[in-house]
Amino acid sequence: MNALELRGLTKHYKDFTLGPLDLTLPGGTICGLIGENGAGKSTTIRLILDMVQRDGGTVTILGRDSRTASVRSKEEIGVVLGSDGIPLCLNAVEVGKVMAGIYRNWDAGDYTAFCRKFDLPPDKKYKDYSAGMQRKLCIAVALAHHPKLLLLDEATNGLDPVVRDEVTDLLLDFARDENHSILISSHIVSDLEKLCDTIAFLHKGRLLLCEEKDALREEYALWHGTAAQLAELDTPVYGKRVTPYGAEALVRRDAMPAGAELAPVSIEELFVLMVKEECAE
Amino acid sequence: MKGLLLKDAYQIWHYAKGVIVAAVVMMGAGVVTIMNGANFFIVYAGFLMGMMPMTLLAYDQASKFSEYSGVLPVTKEQLVGSKYIIGLCGLVLAELFAAAALGVASLHWTAVDHALVVSTLVQVGMTTLLNSAVLLPLNYRFGYEKAKYAFYLMVGLVAALMGFGVSANEDGLARNFLPQGVPPLALLGIVLIVLGLYSLSWRLSVAWYGKAEQ
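Taken in sequence, the protein lines are chains A and B.
Using full-length UniProt numbering, you'd call the opening residue of the first sequence number 1 and step up by one each time.
Using full-length UniProt numbering, you'd call the opening residue of the second sequence number 1 and step up by one each time.
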């Protein structure tokens with residue numbers, strides 16, 4: 001069963017339109033939603049959660065339409081919306097007690113273990129936590145009620161590299177269960193590159209592509225040459241960068257002539273070059 | 001629902017216990033000032049207690065809990081209902097404080113007769129519940145920042161009522177929000193109307209829930 005299906009999801013604002021978005025997240029996989037600031041990542045997650053009214057399309061979460069599903073189905077979804085939402089005056093212990101009264105599946109033991117693992121002071125108020133600590137508490141809350149689907153909006157932003165690595169491991173561990181899936185949005189592409197099976201590029205409200213990470217790396221490559229050689233290149237170019245020292249172009253491996261010198265492309269380079277090309281058009 | 005009420009209880013403890021202390025102090029002042037029949041301080045303490053749900057909602061909006069609650073397995077009826085339950089708890093507390101203050105006052109002042117005690121308790125209930133009944137739907141519809149102007153307007157109206165009370169009395173003293181000598185049946189009618197308005201307000205708040213965030 002797919003954990004998440006978006007079909008023609010659309011939202012119009014005065015100066016911004018999101019979609020139509022089509023995206024499928026199979027069970028047991030992690031999808032990274034990559035986009036620059038303002039691309040529509042947070043709006044997409046809020047539309048999925050019905051926190052913002054959509055103008056069109058459908059959202060199916062764990063086999064149920066998000067609008068008709070009972071409120072109890074939210075037990076199966078763990079959400080992190082940046083560091084927002086936790087009452088500022090509460091400490092970690094109080095947050096645990098409040099959530100235990102809200103989630104039927106709340107696991108106080110797991111929550112305490114996550115708080116310990118993240119070195120969260122139990123008696124300190126949430127507002128007195130550092131930005132990183134706040135994110136960690138939000139992640140602990142999202143995980144402590146045994147969700148099947150995690151929706152993480154900029155969950156790793158503000159964390160130092162060591163903690164980011166810890167969180168990445170935690171999420172990888174979570175997704176090891178084939179019934180567990182994650183949709184994570186970020187503009188820190190390196191995090192998602194480590195974590196995700198599938199990558200979706202969102203740019204100005206449109207999905208530029210949505211493919212398996214390994215397939216993207218196999219399909220695309222970086223061609224290096226001079227500006228003159230680039231101008232003569234007889235193959236579709238999906239992004240390019242020209243500097244006084246030379247030129248590079250994002251190309252499909254199968255479209256290049258045999259023997260062409262190609263370098264592997266990272267997801268970050270792929271994203272940056274594609275977005276720049278879109279902007280240039 | 002249990003978790004939502006617990007969250008609000010924690011928030012009252014951390015942020016709003018000063019309001020409860022202020023209400024108790026006002027009730028104490030009311031014990032003295034009611035000697036000539038003026039119950040303003042006791043009734044105003046009820047008004048303070050009635051601000052509790054609006055205060056909690058403002059904190060929810062500041063911490064973005066209002067938005068985050070959309071991801072929790074709770075209905076909007078529960079989210080809104082928890083604030084109205086807090087309002088009712090405020091009412092019970094205000095009535096208990098008022099009853100204690102009036103009990104002490106009746107031992108000392110002859111002006112504090114049975115009719116004034118009943119009338120004051122009704123007025124405490126009115127101000128406590130009407131405060132939430134008016135302000136909570138506006139909060140859900142427009143958000144705290146805009147709804148607070150309605151709050152200022154309400155404070156102005158209370159002041160105007162007091163002015164009316166002063167001018168209506170021969171000795172120029174503020175006594176009651178309600179005219180003196182209201183029959184018990186009419187007081188009962190007032191109580192029922194206020195409770196009806198409170199439940200109507202709850203329905204309106206449920207209908208308007210989330211509009212401020214859209």
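Built from N, CA and C at the ideal position, the CB exists for glycine as well.
Apart from the five residues on each side of it in sequence, which residues of its chain come closer than 6 Å, Cβ to Cβ, to residue i?
i	result
Thr24(A)	Asn2 and Glu5
Val117(B)	Leu102
Gly40(A)	Leu18, Leu202 and Gly205
Phe41(B)	Met26, Ala29, Gly30 and Thr33
Leu273(A)	Gly239 and Leu250
Pro26(A)	Asn2
Gly87(B)	Pro53 and Ser132
Could you confirm whether any beta carbon from chain A is found closer than 7 Å to the beta carbon of residue i?
i	result
Tyr140(B)	no
Val71(B)	yes
Tyr10(B)	yes
Leu6(B)	yes
Thr127(B)	no
Tyr152(B)	no
Phe97(B)	no
Ser63(B)	yes
Tyr44(B)	no
Gly18(B)	no
Thr55(B)	no
His14(B)	yes
Lys83(B)	no
Among residues of its own chain, excluding the 5 on either side of residue i, which ones have a beta-carbon nearer than 8 Å to its beta-carbon?
i	result
Gly63(A)	Met1 and Asn2
Thr127(B)	Val43, Tyr44, Gly46, Phe47, Gly50, Val158 and Phe177
Lys125(A)	Leu88, Cys89, Leu90 and Asn91
Alpha carbon to alpha carbon, what distance is there between residue j and residue i?
i	j	result
Lys14(A)	Ala99(B)	55 Å
Gly210(B)	Val74(B)	14 Å
Gln134(A)	Tyr140(B)	27 Å
Ile20(B)	Ala9(B)	13 Å
Ala174(B)	Leu6(B)	Summary for Ala174(B): the model assigns pLDDT 47, below 50, so the residue's position carries little reliability; its value from the coordinates is reported in the next sentence. Cα to Cα, Ala174(B) sits roughly 39 Å from Leu6(B).
Glu166(A)	Leu143(A)	14 Å
Glu95(B)	Val24(B)	11 Å
Gly269(A)	Glu145(B)	One point to set straight first is that residue 269(A) is Glu, not Gly, in the sequence displayed. Taking the straight line from one Cα to the other gives about 43 Å.
Ser181(A)	Val162(A)	23 Å
Met1(B)	Gln11(B)	15 Å
Glu261(A)	Phe271(A)	21 Å
Which word fits residue i, buried or exposed, when buried means at least 16 other C-beta atoms lie within 10 angstroms of its C-beta?
i	result
Tyr149(B)	exposed
Arg164(A)	buried
Arg252(A)	exposed
Leu91(B)	buried
Gly38(A)	exposed
His145(A)	buried
Ala133(B)	buried
His12(A)	exposed
Gly246(A)	exposed
Asn179(A)	exposed
Glu67(B)	buried
Please list, in chain order, all residues of the same chain as residue i whose beta carbon is under 7 Å from its beta carbon, the five residues on each side excluded.
i	result
Ile45(A)	Leu151, Asp153 and Ser185
Ser205(B)	Val80, Leu136, Pro137 and Tyr140
Arg67(A)	Asp50
Val104(B)	Val31
Arg203(B)	none
Relative to the alpha-carbon of residue i, which residue among the options has its alpha-carbon at the smallest distance?
i	options	result
Asp50(A)	Ala39(A), Val71(A), Asp177(A) and His146(A)	Val71(A)
His224(A)	Gly239(A), Leu216(A) and Glu212(A)	Gly239(A)
Met35(B)	Tyr68(B), Val19(B), Asp8(B) and Leu107(B)	Leu107(B)
Leu137(A)	His146(A), Asp119(A), Leu149(A) and Lys148(A)	Asp119(A)
Ser130(A)	Ser66(A), Val59(A) and Asn157(A)	Asn157(A)
Ile102(A)	Leu4(B), Trp13(B), Ile190(B) and Tyr144(B)	Leu4(B)
Val191(B)	Val104(B), Gly125(B), Ser132(B) and Lys146(B)	Gly125(B)
Glu94(A)	Gly78(A), Val80(A) and Thr112(A)	Thr112(A)
Ser266(A)	Leu230(A), Thr226(A), Glu219(A) and Glu75(A)	Glu219(A)
Ser119(B)	Pro184(B), Val194(B), Ser199(B) and Gly18(B)	Pro184(B)
Val80(A)	Thr243(A), Ala140(A) and Lys97(A)	Ala140(A)
Ala16(B)	Pro53(B), Phe142(B), Tyr84(B) and Glu67(B)	Pro53(B)
Do we get a CB-CB distance below 7 Å when we pair residue i with the residues of chain B?
i	result
Cys115(A)	no
Met274(A)	no
Glu219(A)	no
Cys210(A)	no
Gly8(A)	no
Val265(A)	no
Leu47(A)	no
His94(A)	Correcting the residue type first, residue 94(A) is Glu in the shown sequence and not His. It does; some Cβ of chain B falls within 7 Å.
Ile184(A)	no
Gly38(A)	no
Leu62(A)	no
Leu150(A)	no
Tyr135(A)	At residue 135(A) the sequence reads Arg, which differs from the Tyr that was named. So, not an interface residue.
Glu154(A)	no
Lys14(A)	no
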